[in-house]
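If you read the sequences in order, they're chains Y and Z.
Counting from 1 along the first sequence, just add 189 to a position and that's the residue number in my numbering.
Counting from 1 along the second sequence, just add 189 to a position and that's the residue number in my numbering.
For reference, the structure discussed in these notes is given below.
Number of protein chains: 2
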Amino acid sequence: MSPRKSEGKELSKEMVLNEARKLFASVGYSKVSMRQLAKTLDCSHGAIYYHFKNKAEIFYSLVKTDFSLLNNKIDDIILTENNASQKIEKILLCFIEFGLTQQNHYAIMFLSKEKEIQHLLQLDSNKTYEKLISSLTDLTENKLNPASIWSIFLSLHGFITFYINTQLSYQDVKSLANFHVKNIMKSIE
Amino acid sequence: MSPRKSEGKELSKEMVLNEARKLFASVGYSKVSMRQLAKTLDCSHGAIYYHFKNKAEIFYSLVKTDFSLLNNKIDDIILTENNASQKIEKILLCFIEFGLTQQNHYAIMFLSKEKEIQHLLQLDSNKTYEKLISSLTDLTENKLNPASIWSIFLSLHGFITFYINTQLSYQDVKSLANFHVKNIMKSIE
DNA sequence: ACATTCATTGACCAATGGTTAATAAAGAAT
DNA sequence: ATTCTTTATTAACCATTGGTCAATGAATGT
């Protein structure tokens, strides 16, 4: 038995995260076993627990990054678009695109019944919702009350959660998403 | 070893279903182990497999019943309400109420990634969606195209799926549901 | 060179869904 | 009532899972 590996071959957090992202996305978080992940990393599954407290913490690290990306995308749209109505439309579509591109992450972020994960993610998902609130509030010049924005969020959420269960990509349902967003915007008048 | 029980104490499908319904609702389908279920039934967990092929089939039997109940409720609303607009509102609320009252079932019905369950449920969930389509189509006198109805369904779905993950009952969020439905109906004009 | 710290293995644990040979109760036939 | 057949059940088994931890040699520090 020769446990510790030579310096160049040591497991790192980044290595775990990179492989985990691939597996979670292709197989699904709950379906990926720690042993499976360890196999792709060519280490024992116990080694992963040196770097991460548990499976949920691996996931949390990935999702935290993804939330940041989404927030940045929304900021970009606000900075680059001119027309307020267009901005709103693009933000809503951006949210749907995020949900369907990171399907597995979205599912766990907003739908998971794992108490551990929910606890870890509470702050991050609140931030995203707050980003949506503030941008919609600004773009509609305070004409939308919080309940209306919430209703809009839930409608987006419905689109994403439904298509998350299909094998369809964002491109597959893009026109449906466009229509859904247009429908939602009917209530902003 | 004395395997078979006396006639009055034999396990039956109904006994399994009754206990399963309670446990699935209180603990959650995926968190209920077959051994846990067997314990409440005072039998071995292997005995359950004499009556049901697997865990999914127990669930399917329960859900099939619940779908029927929902469909009947929608029929009742159509028969008893007078005003078309009121009917639509009540149907949409009825759908939300169903989703939040049978939270665990709804989650599995529409959100489960278990291929086995999805396969079993495909026909039943299509029936429910078709019930929604036909009733909305009739009540709006063909003014709504299928894509709009789909959009409405997804918005309802979003409300339900979001609150399914909270410990809130339908009564807790009833006013929010009312608002959401009113918001959705803005797009039906 | 020696001591300490670190990263890892592999065996362990408790738990899970599902399977199946053995078994006695239930049911049918005589 | 007795015998034979069918049925419903147990308990042991299997492979798998997430997580734990003593033992171990590489890495690091003195």
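Glycine included, every Cβ here is placed at the ideal spot set by N, Cα and C.
This one's a predicted model, so the numbers in the text were calculated from it and none came from an experiment.
Please report how far the alpha carbon of residue i lies from the alpha carbon of residue j, in whole angstroms.
| i | j | result |
| --- | --- | --- |
| Y:Asn-207 | Y:Ser-201 | 10 Å |
| Y:Asn-331 | Z:Thr-326 | 35 Å |
| Y:Leu-282 | Y:Ser-195 | 48 Å |
| Y:Ser-233 | Y:Lys-198 | 13 Å |
| Y:Ser-219 | Z:Asn-293 | 18 Å |
| Y:Gly-217 | Y:Thr-350 | 15 Å |
| Y:Arg-174 | Z:Ile-306 | Here chain Y has residues from 190 to 378 only, and residue 174 of chain Y is not among them. |
| Z:Ser-301 | Y:Met-204 | 30 Å |
| Y:Asp-313 | Y:Ser-340 | 20 Å |
| Y:Gly-254 | Z:Ala-273 | One detail in the question is off: residue 254 of chain Y reads as Thr in this sequence, not Gly. When rounded, the distance between both Cα atoms is 48 Å. |
| Z:Ser-358 | Y:Ile-297 | 22 Å |
| Y:Lys-316 | Z:Asn-354 | 18 Å |
| Y:Ser-191 | Y:Asp-231 | 15 Å |
| Y:Ile-377 | Y:Ser-215 | 37 Å |
| Y:Tyr-295 | Y:Leu-321 | 16 Å |
| Y:Asn-367 | Z:Gln-291 | 31 Å |
| Y:Lys-371 | Y:Tyr-318 | 20 Å |
| Y:Gln-356 | Z:Gln-311 | 15 Å |
| Y:Leu-268 | Y:Ser-324 | 11 Å |
| Y:Val-221 | Z:Ser-337 | 37 Å |
| Z:Asp-264 | Z:Gln-275 | 14 Å |
| Y:Pro-335 | Z:Leu-251 | 38 Å |
| Z:Thr-229 | Y:Tyr-352 | 37 Å |
| Y:His-369 | Y:Lys-375 | 10 Å |
So residue i and residue j are in contact, right, with Cβ under 8 Å, and what is the actual spacing, rounded?
| i | j | result |
| --- | --- | --- |
| Z:Leu-345 | Z:Phe-284 | 5 Å |
| Y:Ala-245 | Y:Ala-236 | So it is not a contact: roughly 18 Å between Cβ atoms. |
| Y:Leu-343 | Z:Phe-348 | 5 Å |
| Z:Ile-277 | Z:Leu-328 | 5 Å |
| Z:Lys-279 | Z:Glu-270 | 6 Å |
| Y:Ala-209 | Y:Ile-266 | With a Cβ gap of about 29 Å, Y:Ala-209 and Y:Ile-266 do not count as contacting. |
| Z:Tyr-249 | Z:Leu-309 | 4 Å |
- Item | Segment contact flag, the stretch 250-265 of chain Z with the stretch 230-240 of chain Z, C-beta cutoff 8 Å, min 3 pairs | Fewer than three Cβ pairs drawn from the stretch 250-265 of chain Z and the stretch 230-240 of chain Z lie within less than 8 Å of each other, which leaves the two stretches out of contact.
- Query: Is it a yes or a no for the stretch 278-298 of chain Y touching the stretch 357-367 of chain Y, going by three-plus beta-carbon pairs under 8 Å?
  - Reply: The stretch 278-298 of chain Y vs the stretch 357-367 of chain Y: in contact.
- Message: Runs of 4 residues minimum, wholly inside the stretch 261-335 of chain Y: which ones carry the alpha helix (DSSP H) assignment?
- Response: Runs found: 273-290, 292-300, 304-328.
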